[in-house]
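The structure appears right after this line, and notes come after that.
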Amino acid sequence: MLTITCIGVGALIMLLSVLKTSKLRKMLVAGINTMRWKWLMRFMIVFLIGYVMVIILILAGYQEPILLVTGLVFLLGACFVYSIVHSAKSHITRISESNELLASKNAELQKINLELDQFAYRTSHDLKAPVNALKGLVRVAELSESREEIAHCHGLMKERISNLEDLIRDILDLSKNSRTEVSQAMADVRDIVEQLVNSLVSKEAPVKVHIEGPQKLEAYIDTTRFKMIVGNLLSNALQYADLSKKDPFIRVKLWSERQFFYVSVKDNGVGIESEYLEKIFAMFFRVTDDSIGSGLGLYIAKEATEKMGGNIEVVSRKNEGSEFIVKLPHTAMNATSGASPQA
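Numbering (the working numbering), first residue to last: 652 to 994.
Encoded structure:
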């Protein structure tokens, strides 16, 4: 009688479990979880039937069928426990992945907030400085009676206005890169590089630009972002050219390797001290406040490169020059990792 009572209590508990599982399934969103709980409930129903059959067989006095049913209950019990463990493991894995994603998003959000703070501070500073300088120059020009001094003031005004234009362009590029989706199409990389060189470097410039590589190199790229990348690298090389050297140059080299293509921008300019190499891609980074440029160019180049599924590396020595190597996939964001860029 004690055996029947224990089995009966077990059957009652299993019945309650089936009812609770049925309610739980209604709370779940359709998907893989609902299917797992559906199978778990089926196991519970089979268990419940097994409990009832054992009670009936005991009351009827059948011994051998009881052993068979008991064996089946043990087998299904093992399967049931395995299903529970497997379901729990899957659930824990999803929670872990969700936590990792959440941590990644939080870190990204903190990075964005920090960059926004830096952006607000540095932009206001970099906009105020040339505006205040322009006000001072206008005042000097108004009070001066010397044509030479007025002409000098006008020259300085043009320089400050040019700096403002560069800063505004960089801010617009930064906004465009962060807000717009990547839009890729087949394009001739060589042709785009030649257009950028012709627009940025005059034939009379003391720095000579050489383009090396295939006459045609086609790839699926976001043309707007690609122009940002190469344009900023060329501008950086021009700004930090060492005109005291006999033959200042910029060499742009293109090549393709497996599912990636590479763009190298190398110069024999002033170079970068090793202590700054890890910082040069930071937003608004400049070695000193008197350094040329807005401090956004290399940051934009790196962000745009990563948006296109690539990466950018730098090799530089003080007073010898720098080389920036951009690695980008031939196809649209699906390429797997390939060989590392070579200098």
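Idealized CB from N, CA, C, for every residue including glycine.
- Residue environment analysis places D918 among the buried positions, since at least 16 neighbouring C-beta atoms fall within 10 angstroms of its C-beta.
- I707 is classed as exposed because its beta carbon has fewer than 16 other beta carbons within 10 Å across all chains shown.
- In the three-state reduction of the DSSP assignment, M934 falls in the coil class, being assigned neither a helical nor a strand state.
- Check the Cα spacing between R902 and each of I819, E924 and V858: the tightest is with V858.
- For E751, the number of other beta carbons within 10 angstroms of its own is below 16, and it is reported as exposed.
- Of the residues K930, E929 and A870, the one whose Cα lies closest to the Cα of H981 is A870.
- With a 10 Å radius around the Cβ and a threshold of 16 neighbouring Cβ atoms, A758 comes out exposed.
- Under the 10 Å beta carbon count, G948 is surrounded by 16 or more other beta carbons and is classified as buried.
- P899 sits buried, since 16 or more C-beta atoms from the chains shown fall within 10 Å of its C-beta.
- Taking 8 Å as the upper bound for CB-CB distance, M959 and V833 are in contact here, some 6 Å apart.
- As a beta-bridge residue in DSSP terms, I976 pairs with S915 and E964.
- Under the three-state reduction of DSSP output, M837 falls in the strand class.
- Here the alpha carbons of G882 and R820 stand approximately 12 Å from one another.
- Just measuring C-alpha positions, the residue of F935, R841 and R811 sitting nearest A780 is R811.
- Following the DSSP letters along the chain, one finds S813 inside the alpha helix (DSSP H) bounded by residues R798 to R830.
- In summary, T956 is buried, with 16 or more beta-carbon neighbours lying within 10 Å of its beta-carbon over all protein chains present.
- Bounds of the alpha helix (DSSP H) holding A952 are G948 to K958.
- Three or more pairs of CB atoms, one per stretch, sit closer than 8 Å, so the segment 967-980 contacts the segment 904-923.
- If you ignore the 5 residues before and after K930, its C-beta comes within less than 7 Å of the C-beta of F936, all in its own chain and listed in chain order.
- In the three-state reduction of the DSSP assignment, V852 falls in the coil class.
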